[in-house]
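S.K.: Counting along the sequence shown from 1, when you hit position 419 you're at 419 in the UniProt record's numbering, and nothing is skipped either side.
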Amino acid sequence: MTDTAETPVAAARGAGSPEATGGTLDFLVKGMTCGSCANRVQRALRKQPGVAGADVNFATATARVLLDADGADAATLEAAVAKAGYELQRPDLPTDSADRGDDGRADADEDARQRSWLRRVLVAWPLGLAVMGIGFWPAAVDQARGPWVQLAVSTPVQFVVGWPFLREAGRRARARSASMDTLVALGTLTAYVFSLVELLRGGHALYFETSSLLIAFLILGRYFEARAKRRAGRAMRALLELGAKEARLVRGGAEVMVPADQVRPGDVLRVRPGEKVPADGEVIDGASAVDESMLTGESVPVDKTVGATVAGATVNTSGVLTVRATAVGRDTALAQIAALVAAAQNGKGQAQRLADRVSAVFVPAVMLIAAAAFAGWWLIGSDPLTGLVAAVAVLIVACPCALALATPVAIMAGTGRGASLGILIKGAEVLERTRKITTVVFDKTGTLTRGEMSLIGTHVGVGIDEAVLLRRAGAVEADSEHPIGRAVAAAAGRAAGVLPRVTGFAAVAGHGVRAEVEGVMVWVGRRKFLADAGLILSDELAAAADRVEAQGHTAVFVGWDRGVRGVLAVADTLKNGAGDTVAELHRMGLQVAMITGDNSRTAQAIAQQVSIDTVLAEVLPADKQSEVARLRATGRVVAMVGDGVNDAPALVAADLGIALGTGTDAAIESSDLTLIRGDVAGVPTAIRLARRTYRTIWQNIGWAFVYNLALIPLAASGLLNPIIAGAAMGFSSVSVVANSLRLLRFRDRG
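What follows is the structure, encoded as structure tokens:
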């Protein structure tokens, strides 16, 4: 059982920066323009000594390098990638929104890149349409001068607007490699140079409008792609923007406003109503309600008093809080969650690995197909002009970008949406496993139940006032440290307000307590404890106690003046919505099991309340892992939901581990999914979101494959105009990104 008062700060502890292990290096990658680029960088990294593995993500322009025991230094890796024609940069994890480091610069770079593509669009389209108009309506200008006007107008489109493609193709050539920009440069330059030669020779087979409109379509596609990718990463940036800009530091009794990045652990902060908490910390004075929706997705503010923990970037809604900072910068819940989301977005699943293998050989294969198409039309069809057009169309239409974007953009959108809902997904492999789940196993204490005892019923003897019974029992238990005693005292305090004073308090470990209250000696505890004291139990109360115990609850006996005067029913109660969650999982076609160390009677009583299918009772903490393994051995695909230290091995043993964010660090670190809110209602939501994201990935992969398989043969056969090919190529990438962005609107409607 864990303390459910713990805040989402605990959830982030399991999300620590990958570099905390010392075995991983993260980089930003500059110069990638397609999936083939990402594969080339990845191969260059994996070939280096000391590298155990590397994953390069085209959509996020990042690389994650896993080091082996010997390790590799960043400088060596940067040099290897530079030799391949790209650039690596080491990012700093942003500490807060006031000092976002390289992430802020990356954000600004994305803005600048998007504006740059837009400016090129605004130039390319008017000029491209003008070239086309002159070509299709030669009467619009002097017939002799028309082709020369086309040359004059198309030249800036080819060499100024299209310069990014030419520049990157040149870089790839110097590195003895090829990319999508190589295909674009070859296609457009071929059309332009052929037309120029024809014009100088006095010929009329001109394709200036083809090269100009191709570039216009490609530039438009790059603009929409940059815009859509930026939107897909918006959830991550929104997380980082949530932090406080300033902190109210308490020094020598006075309050001093300082930038939030100057706060250090141990500093005392004052947070007024409406202000954001500048750092993770512990409340040392005051009481208030704090809005934690930015971390948990839960709109109801959480009450905070002395001793409670608060997370940075949450909002104080009412009273003044004095907080001692415990974690700042990259150690805060906000930064840790951002690191976890970033790590998930860098992951690659089976679908993306398939796309990577295809993209790795795609560009060379396309160049061969284009050459074969040209040679076939020239040598067999005796039509080199049609061959040229077909070759250009093949070079343009064969874009591996859609394949490269299919998985990472969907993961960016899915994990970003999950973060906004309080669901942290640790990687692409997690998405793949969720679709196969057949059984969800819940730990009982602290997961399905509240993890703390509560008074749920009172049975009084003949002639006894219930208020008197509860008041006296609560007064005696007020000094007890036992969870059952605390539950009785808490319920009595809520009912009576101020409890009477007691004298002569004594406790018998494992049996009960006694004390003098209001002039009488009151006994509270087990049946045998009161019997040994000579208190007589009536048949009516004995039957009531039997009914309480038959339901799996604990019966607490209260007596004075030589008789048992009442029986209190105490139990660890189910969390709100536990029954609805189990019912929802059943509607999803999943089996639901519960695992607990409680006796079978108690476990069955809880299970019956929420219609659990399978009960695994009297399981020792060390045996939870073997019970999960046993379920898997029967052919079930198991998701384990838990929150305690003793749940961590079972979470690892399960096919899918789901930890509640209000639980322990060990459970969270061992899980695949973390529900920051600590609410089991998030389990079906998390499974649905993961499945939806996985389905979107395969939709994207399927579209990208169908697109290329269908259009490349059309282009090679001369049935696809290069201008249409350019438009189709842009549409292919944009459609994949747009399909992924639908995940940002995910709403769990059951």
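For every residue, glycine included, the Cβ atom is placed at its ideal position computed from N, Cα and C. Here the structure is a predicted model, which is why all the values come from computation and not from measurement.
Can you check DSSP and say which residues form a bridge with V268?
M.R.: V268 is bridged to R324.
S.K.: Which same chain residues end up closer than 6 Å to L321 when comparing Cβ atoms and leaving out the 5 residues on each side of it in sequence?
M.R.: Hits under 6 Å: V271, V283, G286, S288.
S.K.: Tell me, please, which residues DSSP counts as bridged to Q591.
M.R.: According to DSSP, Q591 bridges with T439.
S.K.: Can you tell me the Cα-Cα spacing of L651 and S600, whole angstroms?
M.R.: When rounded, the distance between both Cα atoms is 23 Å.
S.K.: For G446, which of T60, L660, P156 has the nearest alpha-carbon?
M.R.: Ranking the options by Cα distance to G446, first place goes to L660.
S.K.: Going by the beta-carbon positions, is the gap between V440 and L214 smaller than 9 Å?
M.R.: Not in contact: V440 and L214 (Cβ atoms no closer than 9 Å).
S.K.: DSSP state of K276, grouped into three classes?
M.R.: Strand at K276.
S.K.: So, with DSSP's three-state summary, where would you put V306?
M.R.: DSSP places V306 in coil when its eight states are reduced to three.
S.K.: Do M367 and L395 have their CB atoms nearer than 9 Å?
M.R.: Their beta carbons are under 9 Å apart, which means M367 touches L395 by this criterion.
S.K.: Nearest by alpha-carbon distance to P684: which of P649, V184, G577 is it?
M.R.: Ranking P649, V184, G577 by Cα distance to P684 puts G577 first.
S.K.: Which value, in whole angstroms, describes the spacing of the CA atoms of S299 and R747?
M.R.: Its pLDDT being 48, under 50, S299 is placed unreliably by the model, and nothing is read from it.
S.K.: Are three or more beta carbon pairs between the stretch 465-473 and the stretch 621-630 nearer than 8 Å?
M.R.: The stretch 465-473 is not in contact with the stretch 621-630.
S.K.: Take D99 and list the residues in its own chain whose beta-carbon comes closer than 6 Å to its own, dropping the five residues that flank it on each side.
M.R.: For D99, the predicted model reports a pLDDT of 41, less than 50, meaning its position is unreliable and no value from the coordinates is stated.
S.K.: Excluding the 5 residues preceding and the 5 following F208 in the sequence, name in chain order all residues of the same chain whose CB lies nearer than 6 Å to its CB.
M.R.: Cβ neighbours of F208 beyond the five flanking positions: V131, Q150, S154, S195.
S.K.: Is the beta carbon of N700 sitting closer than 9 Å to the one on V397?
M.R.: Contact flag unset, no.
S.K.: Where does N316 fall in DSSP's three states?
M.R.: Reduced to three states, the DSSP call for N316 is strand.
S.K.: By a C-beta neighbour count over all protein chains shown, 10 Å radius and 16 as the cutoff for buried, is L122 buried or exposed?
M.R.: Answer is exposed; the Cβ neighbour count stays below 16.
S.K.: Could you tell me whether any non-hydrogen atom of the ligand PLP is closer than 8 Å to the CB of I411?
M.R.: The model on display carries no ligand, and the ligand PLP is accordingly not part of it.
S.K.: Measuring straight from C-alpha to C-alpha, what distance separates E518 and V524?
M.R.: Spanning the two alpha carbons is a distance of roughly 15 Å.
S.K.: Are there 16 or more other CB atoms within 10 angstroms of the CB of H553, so buried, or fewer, so exposed?
M.R.: Buried.
S.K.: Would a C-beta distance cut-off of 9 Å place V513 and A506 closer than the cut-off?
M.R.: Yes, the pair counts as a contact, with Cβ atoms nearer than the cut-off.
S.K.: Pop quiz: V29 and S179 are said to be a contact at Cβ under 8 Å. What is the actual Cβ separation, rounded to whole angstroms?
M.R.: With a Cβ gap of about 13 Å, V29 and S179 do not count as contacting.
S.K.: Pick helix, strand or coil for T21, following the three-state DSSP scheme.
M.R.: Note that T21 scores 43 on pLDDT, short of 50, meaning its location in the model is unreliable; the coordinates nonetheless yield the value given after this. In this structure, T21 counts as helix in the three-state DSSP scheme.
S.K.: Just the C-alpha distance for F165 and I723, rounded to the nearest angstrom, thanks.
M.R.: Each residue's Cα considered, the two are about 17 Å apart.
S.K.: If I measure Cβ to Cβ from G597 and keep anything under 7 Å in the same chain, skipping five residues before and after, which residues do I get?
M.R.: Result list for G597: E618, V619, L620, P621, in chain order.
S.K.: Assuming A63 and A54 are in contact, meaning their beta carbons sit under 8 Å apart, how far apart are those beta carbons, in whole angstroms?
M.R.: The pair is a contact, with the Cβ atoms about 6 Å apart (cut-off 8 Å).
S.K.: Pick out whichever of A84, P147, T188, G566 has its Cα sitting closest to the Cα of S177.
M.R.: Answer by Cα proximity: A84.
S.K.: Please identify the residue among E481, L455, I464, P483 whose C-alpha is closest to the C-alpha of A492.
M.R.: The shortest Cα separation from A492 among E481, L455, I464, P483 belongs to L455.
S.K.: Taking one C-beta from the stretch 75-90 and one from the stretch 185-193 each time, how about it: are there three or more such pairs within less than 8 Å?
M.R.: Output reads no: the stretch 185-193 does not touch the stretch 75-90.
S.K.: Is it buried or exposed, G657, if we count other Cβ atoms within 10 angstroms and call 16 or more buried?
M.R.: Per the 10 Å Cβ criterion, buried.
S.K.: Residues in the same chain with beta-carbon distance under 6 Å from M594, minus the five sequence neighbours each way, listed in chain order, please.
M.R.: These residues qualify, in order along the chain: F442, K444, A607, I612, V615.
S.K.: Give me the Cα-Cα distance between I437 and A639, rounded to the nearest whole angstrom.
M.R.: About 6 Å.
S.K.: Could you tell me the boundaries of the beta strand (DSSP E) in which T674 lies?
M.R.: From DSSP, the beta strand (DSSP E) with T674 extends over 673-675.
S.K.: Answer yes or no: do V570 and V488 have a C-beta to C-beta separation smaller than 9 Å?
M.R.: Closer than 9 Å, so yes.
S.K.: Under the three-state reduction of DSSP, which class applies to H459: helix, strand or coil?
M.R.: Strand.
S.K.: Look at the alpha carbon of Q609 and the alpha carbon of R115, and state the distance between them as a whole number of angstroms.
M.R.: The straight-line gap from Cα to Cα measures roughly 59 Å.
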